[in-house]
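Here's the structure we're looking at; comments come further down.
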Amino acid sequence: MSRRHNFCAGPAALPLPVLNRARDELLDWAGVGASVMEVSHRSGEFVAVAEGAEASLRRLLDISDDYAVLFLQGGASTQFAAVPLNLSQPGQTVDQVVTGQWSKKALQEGRRFADVRVAANSAEQKFFVVPPQDVWQTHSESAYLHYCPNETIGGLEFCFVPEVSTPLVADMSSTILSRPLDVNRFGVIYAGAQKNIGPAGLCLAIVRRDLLGRSREGTPAMLDWQVAADNDSMYNTPPTFAIYLAGLVFEWLEKLGGLNEMAAINQKKASTLYGVIDGSDFYHNPVERQSRSLMNVPFTLVDAALDAAFLKGAEAADLLNLKGHRSVGGMRASLYNAVEQTSVEALCDFMKDFERRYG
Ligand SMILES: *Cc1c(COP(=O)(O)O)cnc(C)c1O
-19 MSRRHNFCAG PAALPLPVLN RARDELLDWA GVGASVMEVS HRSGEFVAVA EGAEASLRRL
41 LDISDDYAVL FLQGGASTQF AAVPLNLSQP GQTVDQVVTG QWSKKALQEG RRFADVRVAA
101 NSAEQKFFVV PPQDVWQTHS ESAYLHYCPN ETIGGLEFCF VPEVSTPLVA DMSSTILSRP
161 LDVNRFGVIY AGAQKNIGPA GLCLAIVRRD LLGRSREGTP AMLDWQVAAD NDSMYNTPPT
221 FAIYLAGLVF EWLEKLGGLN EMAAINQKKA STLYGVIDGS DFYHNPVERQ SRSLMNVPFT
281 LVDAALDAAF LKGAEAADLL NLKGHRSVGG MRASLYNAVE QTSVEALCDF MKDFERRYG
């Protein structure tokens, strides 16, 4: 077996113990003589898996009964539409903060359904900064404020939770479970699974219960959070394998010691890599210090003409998926929960060696 160091932004690396466990029980799962993918989602065995996954997630994030936990489909991108459909009425305004490619996409989709007011936008600063909240323009009559706490592509992360009078809605796809989180500050949290939760195809939503049952007329049943909540996320056939694997990931996190422990591990990984970037004139990260992402670290080389050689050398050193997003170029290393310190150190060793050879 040769597992290589995987810095993919998503679908991302999964914890090895989780993959081993899934392999071990793939053919005969829970003693039923079939794989978890081959049993009814209504079977007692599978319902126990879904309930166990939810319970584990609730323990990890300390989610109270005031919140519904929903396992949805269509990725985070579907929630860009589900949010306005569930929370706003036609003609009502909503506030959105734009700090990068994902919140921009959420804005484009939001505009299809709602009268969106852009509360703040850092496009002019190339999305290298988070606009401080005192310059935001929010509206108390808006249905909610939407933002993206961690911009996966730009590597920009909010170092504060916004204080607003309207429900706070957060796309946490690339930051959820990377550290402790006070869920009570939010109206709705959603996250595509393929970064820190499990395989693609699953999207997690945590919805304060008083925000359920407000969907506008004509909302498709599959996008209506109330319908999902009423049916324990099984209005139709859910992505059973993804839910099973997410449950294993949650269990792995609990065994590790929970999110305080995970946060310490993640801090160490990030500071190791940022340390190498900042310690050289050869590598550069453009994001303002206080808003640097813990999970996604973009960096450029002093001369973009060296990018191809860097990526080729990295690949040869078993360092995968370091090419930056096509919209920003350069490199990006994603350091999600399943990426180990040893992988980050292998990357840093390669970077220092590359700089010695080409710097
Ligand atoms: C990956 C990502 C998305 C898109 O997720 P899909 O599941 O592909 O729709 C949205 N927002 C953020 C912040 C992401 O990182």
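For the sequence shown, position 324 (counting from the first letter as 1) is numbered 304 according to the numbering used here, and the numbering increases by one without interruption. Beta carbons are placed, not taken as given, at the ideal position from N, Cα and C, and that holds for glycine.
- prompt: Where in the stretch 38 to 115 do unbroken runs of the alpha helix (DSSP H), each at least 4 residues long, occur, reported from the N-terminal end onward?
  reply: 55 to 67 and 81 to 93
- prompt: Do the stretch 247 to 265 and the stretch 273 to 287 meet, that is, are 3 or more Cβ pairs less than 8 angstroms apart?
  reply: yes
DSSP-derived helix/strand/coil call for S314: strand
message: Using a Cβ distance threshold of 8 angstroms, determine whether the stretch 219 to 236 contacts the stretch 86 to 95, with at least three qualifying pairs required.
response: no
- prompt: For V115, is the classification buried or exposed, using 16 other Cβ atoms within 10 angstroms of its Cβ as the cut-off for buried?
  reply: exposed
task: Note down, in chain order, each residue of its chain lying with its Cβ closer than 6 angstroms to the Cβ of V144, except the 5 sequence neighbours on either side.
output: T118 and L125
task: Could you tell me the boundaries of the beta strand (DSSP E) in which T322 lies?
output: Element bounds for T322: not the beta strand (DSSP E) but the alpha helix (DSSP H), Q321 to Y338.
- prompt: For ligand 3, any of its heavy atoms closer than 7 angstroms to the Cβ of Q174?
  reply: Because ligand 3 does not appear in the structure shown, any question about it cannot be addressed here, the ligands present being ligand 1.
- prompt: Three-state secondary structure (DSSP) at R188?
  reply: strand
- prompt: For A150, does the three-state DSSP call read helix, strand or coil?
  reply: strand
message: Checking 8 angstroms against the spacing of the C-beta atoms, do R189 and A56 come in under that value?
response: no
- prompt: Can you find a heavy atom of ligand 1 that lies under 7 angstroms from the Cβ of C128?
  reply: yes
field: Residues near T146 by beta carbon distance below 6 angstroms, same chain, minus five either side
entry: S122, Y124 and L125
- prompt: From L136 to Q76, what does the alpha carbon distance come to, in whole angstroms?
  reply: 16 angstroms
- request: Could you tell me if N265 is buried or exposed, where buried requires 16 or more neighbouring beta carbons within 10 angstroms of its beta carbon?
  value: buried
query: M242 to Y316, Cα distance in whole Å?
result: 10 angstroms
query: In its own chain, which residues sit with a C-beta less than 7 angstroms from the C-beta of A294, not counting the 5 before and 5 after it?
result: L302 and F330
- request: Throw me the rounded Cβ distance for the E89 and F107 pair, which I believe falls under 8 angstroms.
  value: Rounded, the Cβ-Cβ distance is 18 angstroms, inconsistent with contact.
- prompt: Tell me, which residues are paired with H126 by DSSP?
  reply: Q76 and V149
task: Grab the span of the beta strand (DSSP E) containing F279 for me, first residue to last.
output: N276 to L281
- request: Starting from the Cα of A10, find the closest Cα among F26, V168, R336 and N246 and give me that residue.
  value: F26
message: Any heavy atom of ligand 1 closer than 7 angstroms to the beta-carbon of S158?
response: no
message: When you compare the stretch 11 to 24 with the stretch 332 to 339, are there three or more beta-carbon pairs, one atom per stretch, that lie closer than 8 angstroms?
response: no
message: Let me confirm a value: E18 is counted as buried when at least 16 other C-beta atoms fall within 10 Å, else exposed. Which label applies?
response: exposed
- prompt: What did DSSP end up calling G172 once you bin it into helix, strand or coil?
  reply: strand
- request: Measure from the alpha carbon of Q113 to the alpha carbon of each residue in L281, F138 and Q81, then state which is nearest.
  value: F138
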